[in-house]
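Enquirer: Once you know that position 188 of the sequence shown is 188 in the numbering used here, the rest is easy, because the numbers rise by one and skip nothing.
First, the structure itself, so that you have it in front of you.
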Amino acid sequence: MSGNLLHRPSILRRPDGIGGALPALTLIALFFVVPVLALLLRSVTEPVPGLHNYATLFGDGTYARVFFNTFLVATVVTAVTVVVAFPVAWMLAIMPPALGSIVFGIIILSMWTNLLTRTYAWMVLLQRTGVINRTLMDIGLISEPLPLINNLTGVTIGMVYIMLPFMILPLVGTLRAIDPMTLRAAALCGASPFDAFRRILLPLSLPGIAAGGLMVFVMSLGYFVTPTLLGGISNMMLAAMIAQMIQSLLNWGLGSAAAFILLLVTMALYALQLRLVGARRMTGGI
Numbered sequence: 001m002s003g004n005l006l007h008r009p010s011i012l013r014r015p016d017g018i019g020g021a022l023p024a025l026t027l028i029a030l031f032f033v034v035p036v037l038a039l040l041l042r043s044v045t046e047p048v049p050g051l052h053n054y055a056t057l058f059g060d061g062t063y064a065r066v067f068f069n070t071f072l073v074a075t076v077v078t079a080v081t082v083v084v085a086f087p088v089a090w091m092l093a094i095m096p097p098a099l100g101s102i103v104f105g106i107i108i109l110s111m112w113t114n115l116l117t118r119t120y121a122w123m124v125l126l127q128r129t130g131v132i133n134r135t136l137m138d139i140g141l142i143s144e145p146l147p148l149i150n151n152l153t154g155v156t157i158g159m160v161y162i163m164l165p166f167m168i169l170p171l172v173g174t175l176r177a178i179d180p181m182t183l184r185a186a187a188l189c190g191a192s193p194f195d196a197f198r199r200i201l202l203p204l205s206l207p208g209i210a211a212g213g214l215m216v217f218v219m220s221l222g223y224f225v226t227p228t229l230l231g232g233i234s235n236m237m238l239a240a241m242i243a244q245m246i247q248s249l250l251n252w253g254l255g256s257a258a259a260f261i262l263l264l265v266t267m268a269l270y271a272l273q274l275r276l277v278g279a280r281r282m283t284g285g286i
């Protein structure tokens with residue numbers, strides 16, 4: 001009887017072919033493909049059919065400055081985040097597991113704190129009469145308050161703090177996978193610590209840097225709250241411009257065009273990252 005049950009067709013058998021992926025494809029179509037197509041349709045039909053919205057975005061100096069500022073902020077934030085996150089990730093990778101779990105939990109806990117609360121906290125710390133400026137003046141390092149808010153400096157500090165966990169997490173996994181004997185062998189062969197870092201540790205950690213860097217860069221491109229509060233109008237980024245176009249000016253066509261351009265850039269960066277990391281893996285990391 002058990003043999004008959006094994007050969008009997010079951011209604012619980014996993015469907016083959018496209019039938020098994022149909023629920024997932026339906027959700028993707030409803031929540032991604034349809035909204036993107038609606039966005040694209042609005043960008044070329046409102047207020048009149050044509051590509052005038054894209055021509056306005058690329059031809060107007062004001063919009064071009066917003067695009068430049070967006071990519072500048074995202075690039076600076078990504079670079080600073082990599083520099084700050086790498087030693088933290090390396091520390092987590094080599095420290096004892098018990099202590100590493102505590103530090104790791106603190107990093108994760110910072111991600112659960114409300115974003116708006118953290119941004120307002122940085123506004124208090126960075127203002128001219130804030131803790132940072134007052135401390136620097138009290139110890140005699142500066143004679144007058146530094147401009148740390150409503151500029152690129154404030155945006156970079158606030159966003160790097162928020163983005164650090166997203167860079168540390170993939171880096172820790174990559175660094176823990178590196179065999180410590182590789183670095184010991186380099187030291188035995190006469191390599192200095194800097195040479196071991198430059199020629200061994202850094203190349204082997206590039207997949208983690210690429211994954212975290214792409215995540216941070218893409219998230220920075222579309223960030224709204226932190227750049228708006230810490231950067232001000234003079235440092236407006238694309239997300240704030242899209243919100244102003246749609247909420248204040250009711251210009252859905254221009255806002256949709258800007259959002260669609262941002263989506264295309266994000267997808268292009270993701271494809272480039274997959275291509276570079278894939279090519280690196282195929283060549284053995286050389």
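Cβ coordinates follow ideal geometry from the N, Cα and C atoms, glycine included.
If you're wondering where the values come from, they're calculated on a predicted model, not measured in any experiment.
Taking the CB atoms as reference points, tell me whether Ala339 and Ala196 lie closer together than 8 Å.
Expert: Nothing can be reported for residue 339, as the shown portion of the chain is limited to 1 through 286.
Enquirer: Measure the alpha-carbon distance for Ser10 versus Val155 and round it to whole angstroms.
Expert: Because Ser10 carries a pLDDT of 48, less than 50, the predicted location of this residue cannot be relied on, and the following value inherits that uncertainty. One C-alpha to the other measures close to 58 Å.
Enquirer: Can you list, in chain order, the residues of its chain whose CB lies under 7 Å from that of Val216, leaving out five sequence neighbours each side?
Expert: Around Val216: Val77, Thr78, Thr81, Met163, Phe166 and Met167.
Enquirer: Any heavy atom of the ligand SAM inside 7 Å of the beta-carbon of Pro207?
Expert: In the structure on display, the ligand SAM does not appear, and there are no ligands present to speak of.
Enquirer: What's the call for Trp112, buried or exposed, on a 16-neighbour Cβ count within 10 Å?
Expert: exposed
Enquirer: Would Ala268 pass as a contact of Ser43 if the rule is Cβ separation under 8 Å?
Expert: no
Enquirer: Leaving aside the five residues before and after Val36 along the sequence, list all residues of the same chain whose C-beta is less than 8 Å from its C-beta, in chain order.
Expert: Phe260 and Leu263
Enquirer: Buried or exposed for Val131, please, with buried defined as at least 16 other CB atoms from any protein chain shown within 10 angstroms of its CB.
Expert: exposed
Enquirer: Put Met236 into one of helix, strand or coil per three-state DSSP.
Expert: coil
Enquirer: Suppose you measure from the CA of Ser101 to the CA of Arg199; what does that come to, to the nearest Å?
Expert: Ser101 and Arg199: Cα-Cα distance of roughly 29 Å.
Enquirer: Looking only at its chain, what residues have a beta carbon closer than 6 Å to the beta carbon of Gln273, apart from the 5 residues adjacent to it on each side?
Expert: Ala210 and Leu214
Enquirer: What is the DSSP secondary structure of Met95, counted as helix, strand or coil?
Expert: Reduced to three states, the DSSP call for Met95 is coil.
Enquirer: Note down the Cα distance separating Tyr54 from Asp138, rounded to an integer number of angstroms.
Expert: 52 Å
Enquirer: Would you say the region 66-73 touches the region 220-229, given that touching needs at least three Cβ pairs under 8 Å?
Expert: yes
Enquirer: By Cβ distance, which residues of its chain are closer than 6 Å to Thr56, with the 5 residues on each side in sequence left out?
Expert: The answer is none, since no qualifying residue turns up.
Enquirer: Taking the straight line between their C-alpha atoms, what separation do you get for Met236 and Pro97?
Expert: 43 Å
Enquirer: Counting C-beta neighbours from all protein chains within 10 Å, is the total for Pro23 16 or more, i.e. buried, or is it exposed?
Expert: exposed
Enquirer: What are the boundary residues of the alpha helix (DSSP H) that Leu230 is part of?
Expert: Val225 to Gly231
Enquirer: Below 8 Å on the Cβ atoms is my contact criterion, and I expect Leu229 with Leu201 to pass it. Report the Cβ-Cβ distance as a whole number of Å.
Expert: Not really, about 37 Å apart at Cβ, beyond 8 Å.
Enquirer: Just tell me which of Val265, Asp60 and Thr117 has its CA closest to the CA of Thr226.
Expert: Thr117
Enquirer: Assuming Thr174 and Gly140 make a contact with CB atoms under 8 Å, what is their CB distance in whole Å?
Expert: So it is not a contact: roughly 42 Å between Cβ atoms.
Enquirer: Does the separation of the CB atoms of Leu92 and Phe104 fall below 8 Å?
Expert: Going by C-beta atoms, Leu92 is nearer than 8 Å to Phe104.
Enquirer: Since Val131 is in the alpha helix (DSSP H), which residue starts that stretch and which ends it?
Expert: Val131 to Asp138
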